[in-house]
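Numbering (the working numbering), first residue to last: 3 to 256. Positions of the beta carbon are idealized from the N, C-alpha and C atoms, including for glycine. A short worksheet on the structure shown next.
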Amino acid sequence: MRRAYFKFSWIAAALLAPQMLIIFVFFYWPSAQALYWAFTLEQPWGGGNTWVGFDNFRKVLSDPYYWGSVRVSVIYALATTVLAMTIALTLAIFVDRQLAGYKAYRVAIIWPYAVAAPAVGLAFQFVFNPGAGIFSYINTIAPGWWDLSKYPWQAVTAIVVAGAWKQVAYSFVFFLAALQSIPRSLTEAAAMDGARPLRRMIDLQLPLLTPTFFFLLVINITDSFTDSFGIVDTLTGGGPFRATDLMVYKIYTD
């Protein structure tokens, strides 16, 4: 590929200027403002900012609720990511085999990704309602056993399941694309050598899926930290006893 050389440097500067301006306005300037505001205390009713140095950081780091929020956020991110990727990979393997009606399955699995997080929270609020559905029958057998408003571990489980349900679709698309990019000749050769499906998956397909695993791991963990507000707000409201007060939700409540 031949390189293009400009006789006058101002041409290159003119071409770079719009992109650099966009980066400065939408990235560097907001980042600089956020860094400055971190060392100030905002006065109410538009009274300006007062410089307080590291007082904000000391207050946050000495807050026990902050560390509780960090802990539950990490648990939520890891549990949601592992659950979503496991389900997505399993579904992708079955769809990749082109079972009867696999196109319909593909569409049905993908569409939840388009559902907004608050809508997901509302939907699972009905699913986990102790007075309706399967959990009402469980409470009939064991009265009071299931209640998101009383038991922290149940509330955490509920938001993890809801978050994983939303993430499955995104991971499924990439796992399916990665599986379909593996040459059929490799799997057919392994089958001819006597390798069973599980052995082919472990020794052949999973190693080739490693880049996809790392990509989805980063994306899903990031999404768990940033796109969980709607689920928590509509499903548990951060309770009970701050058990589901994720960092993104604590910013809102504070």
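Going by the DSSP bridge assignment, what does residue i pair with across the sheet?
{"i": "residue 58", "result": "According to DSSP, which records beta bridges pairwise, residue 58 is partnered with nothing at all."}
{"i": "residue 52", "result": "43"}
Rounded to whole angstroms, what's the CA-CA distance from residue i to residue j? Just pull it up for me.
{"i": "residue 44", "j": "residue 175", "result": "44 Å"}
{"i": "residue 19", "j": "residue 25", "result": "10 Å"}
{"i": "residue 247", "j": "residue 110", "result": "31 Å"}
{"i": "residue 168", "j": "residue 119", "result": "8 Å"}
{"i": "residue 249", "j": "residue 227", "result": "8 Å"}
{"i": "residue 232", "j": "residue 190", "result": "45 Å"}
{"i": "residue 90", "j": "residue 129", "result": "21 Å"}
{"i": "residue 46", "j": "residue 68", "result": "23 Å"}
{"i": "residue 155", "j": "residue 117", "result": "25 Å"}
{"i": "residue 37", "j": "residue 21", "result": "23 Å"}
Can you tell me whether residue i is buried or exposed, with buried defined as 16 or more other CB within 10 angstroms of its CB?
{"i": "residue 173", "result": "buried"}
{"i": "residue 143", "result": "exposed"}
{"i": "residue 238", "result": "buried"}
{"i": "residue 165", "result": "buried"}
{"i": "residue 148", "result": "buried"}
{"i": "residue 105", "result": "exposed"}
{"i": "residue 220", "result": "exposed"}
{"i": "residue 194", "result": "exposed"}
{"i": "residue 252", "result": "buried"}
{"i": "residue 222", "result": "buried"}
{"i": "residue 63", "result": "exposed"}
{"i": "residue 243", "result": "exposed"}
{"i": "residue 240", "result": "buried"}
{"i": "residue 140", "result": "exposed"}
{"i": "residue 225", "result": "buried"}
{"i": "residue 92", "result": "exposed"}
Which of the three DSSP states, helix, strand or coil, is assigned to residue i?
{"i": "residue 211", "result": "coil"}
{"i": "residue 150", "result": "coil"}
{"i": "residue 184", "result": "coil"}
{"i": "residue 94", "result": "helix"}
{"i": "residue 137", "result": "helix"}
{"i": "residue 222", "result": "helix"}
{"i": "residue 247", "result": "coil"}
{"i": "residue 238", "result": "coil"}
{"i": "residue 165", "result": "helix"}
{"i": "residue 196", "result": "coil"}
Hey, would you say the C-beta of residue i is under 7 Å away from at least one heavy atom of the ligand NAP?
{"i": "residue 119", "result": "Because no ligand of any kind appears in the structure shown, any question about the ligand NAP cannot be addressed here."}
contact_flag[the segment 207 to 223, the segment 114 to 127] where n(CB pairs < 8 Å) is 3 or more = no
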